[in-house]
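Asks: Here's a structure for you.
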Amino acid sequence: MNNMSQKNLQKTLFSSFYKVFLKTGRNWKQARNMNH
2 MNNMSQKNLQ KTLFSSFYKV FLKTGRNWKQ ARNMNH
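Residue numbers (the working numbering): 2 to 37.
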């Protein structure tokens, strides 16, 4: 495994994690708004 593919793997992991983070963040905001 060379450096380039490792970087690409990290990028893919990061972007997928970021998408999930955005999704949960949005849901969390909506849930908070409902509680208020």
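We treat Cβ as the ideally placed atom computed from N, Cα and C, and that holds for glycine.
Pull up the distance between the alpha-carbon of residue 6 and that of residue 15, whole angstroms please.
Replies: Answer to the nearest angstrom: the Cα atoms are 14 Å apart.
Asks: Which residues bound the alpha helix (DSSP H) around residue 4?
Replies: 4 to 36 is the extent of the alpha helix (DSSP H) around residue 4.
Asks: Would you kindly work out how many angstroms separate the C-alpha atoms of residue 10 and residue 17, rounded to a whole number?
Replies: Rounded to the nearest whole angstrom, the C-alpha separation of residue 10 and residue 17 is 11 Å.
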